[in-house]
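Residue numbers for the sequence shown, in full-length UniProt numbering: 1 to 373. C-beta atoms are modelled at their ideal positions from N, C-alpha and C, and glycine is treated no differently. Some notes on the structure that comes next.
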Amino acid sequence: MTGPQPAVAPGRTVRVAVAGLGWAGRQIWLPRLAAHPRFTVTAVVDPDAAARERARADHGVPDAYADVADLPAGAADLVVVAVPNHLHAAVAARLLRRGVPVFLEKPVCLTSAEADDLADAERAGGAVLLAGSAARYRADVRALVDAAADIGPVRHVDVAWVRARGVPDAGGWFTRRDLSGGGALVDLGWHLLDTVLPLLGPASIAHAVGSVSDDFVNDDAARAAWRGTAGTGGRGDVEDTARAFLLTADGTSAALHACWASHEARDRTTVSVHGTAGSVTLRCTFGFSPNRDATPELTRTRDGETVRLPLPAEPIGAEYDRQLDALPDLLADPASRGVAAADARRTIDAIERVYRCARPTPPVPALAGARDR
1 MTGPQPAVAP GRTVRVAVAG LGWAGRQIWL PRLAAHPRFT VTAVVDPDAA ARERARADHG
61 VPDAYADVAD LPAGAADLVV VAVPNHLHAA VAARLLRRGV PVFLEKPVCL TSAEADDLAD
121 AERAGGAVLL AGSAARYRAD VRALVDAAAD IGPVRHVDVA WVRARGVPDA GGWFTRRDLS
181 GGGALVDLGW HLLDTVLPLL GPASIAHAVG SVSDDFVNDD AARAAWRGTA GTGGRGDVED
241 TARAFLLTAD GTSAALHACW ASHEARDRTT VSVHGTAGSV TLRCTFGFSP NRDATPELTR
301 TRDGETVRLP LPAEPIGAEY DRQLDALPDL LADPASRGVA AADARRTIDA IERVYRCARP
361 TPPVPALAGA RDR
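So, in structure tokens, the structure goes:
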């Protein structure tokens, strides 16, 4: 594939290749793409030959390749990139520079430098970068955003995603910092920041502080057994818990809490938006864990009175189907160019700053005079 791929005409089926057949590619994207009327899966890409053949057999995919470099010119209108974290930006940038549109699973990048490289690749190749943003497509999150429009200017947002037991792929690449970029802050925190940053408005993040801990990451009992992936028995070196506080240049604040494992009984996500005229709070569970709150709840509080707001019922994972519904139009819209890279730059900047604050540094030796006092 060389040169920008032609835009997909409205209403036409989008030919898509899936690069990466790990849990996200295999369980989230490939089955949904294969079943969606607006998409035709033309190829899968993965270095594991057995994974490629299983995907072809299960979903009737005609072609399979070991590397995205092997994709023939014109084989796909879009490549869904769901490779391990440390390869996200590099694989996406290679495709973008060749003019191939990309839908990139989160985390979109692991450093600000990678975000800048993605933006440069998008400009150089003339192809659009789209990004995983599942939380924004949840019906309950959309209802929260609508309700928040009626509580005056936002002053503060609290967001938390706390799992009871949910360390992914214990001992595998997910818990190796060199391959994942981080632990719960990069994984769950990306979804939380993707939810909270639009609520804070366009002002830049002036301050970001936080802490991380790893009390559960190497505890076999804390593993996310529902993912269906066995741990390798190796030791993880990432955090299972992160807490952060953000302050924008105009004084709006946010508190973030992301946990792969905890002392809680169930996995729960909470988003509370506090405005000048009231507050709204969503209690639900993001993701696919079966250990979840059965029904999401949205409430609004004004003048000491709390009322429950209506929410539509939707099955687990509907946000991913809804995001696929939107992809063809986003792919064809020139206004999509540059949006994902800019959003990713803001998100990873906040994550980097929290890590710089939270990760231990060598102590500064005390001055001799100070020791003698």
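- Taking one beta carbon from each stretch, the region 120-135 and the region 35-50 have fewer than 3 pairs nearer than 8 angstroms; the two do not touch.
- The C-alpha of Ala254 lies about 35 angstroms from the C-alpha of Ala19.
- Secondary structure of Asp146 (DSSP, three-state): helix.
- Under the DSSP assignment, Val162 falls in the beta strand (DSSP E) whose first and last residues are 154-162.
- Between Val186 and Pro84, the C-beta gap is not smaller than 7 angstroms, which leaves the two residues out of contact.
- Within 10 angstroms of the beta-carbon of Val157 lie 16 or more other beta-carbons, which makes it buried.
- The C-alpha of Gly251 is placed about 30 angstroms away from the C-alpha of Trp260.
- Assignment of beta-bridge partners to Ala43 by DSSP yields Ala17, Asp63.
- Listed as beta-bridge partners of Leu95 by DSSP are no residues whatsoever.
- Rounded to whole angstroms, the separation of the alpha carbons of Pro168 and Ala225 is 8 angstroms.
- Collapsing the DSSP output to three states places Ile28 in a helix.
- Distance from the Cα of Leu298 is smallest, within the candidate group Asn291, Trp173, Pro290, Val307, for Val307.
- The alpha-carbon separation between Arg97 and Asp343 amounts to approximately 20 angstroms.
- Between Arg223 and Arg165, the alpha-carbon positions lie close to 6 angstroms from each other.
- Between Ala203 and Thr276 the beta-carbon gap is near 16 angstroms, outside 8 angstroms, which marks them as no contact.
- Bridge partners of Ser133 according to DSSP: none are assigned.
- In terms of CA proximity to Gly74, Val14 leads the group Val14, Ala318, Ala326, His86.
- Looking at the DSSP output, Glu305 bridges to Arg302.
- Nearest to Arg345 by C-alpha distance, out of Trp190, Asp70, Arg356, is Trp190.
- Taken in chain order, the complete beta strand (DSSP E) segments of 3 or more residues contained in the region 158-214 are 205-213.
- If you look at Ala124, you'll find it in the alpha helix (DSSP H) that goes 112-125.
- In this structure, DSSP gives Val79 an extended state, which the three-state scheme calls strand.
- Sorting Val128, Arg353, Val145, Asp219 by C-alpha distance to the C-alpha of Asp333 places Val128 at the top.
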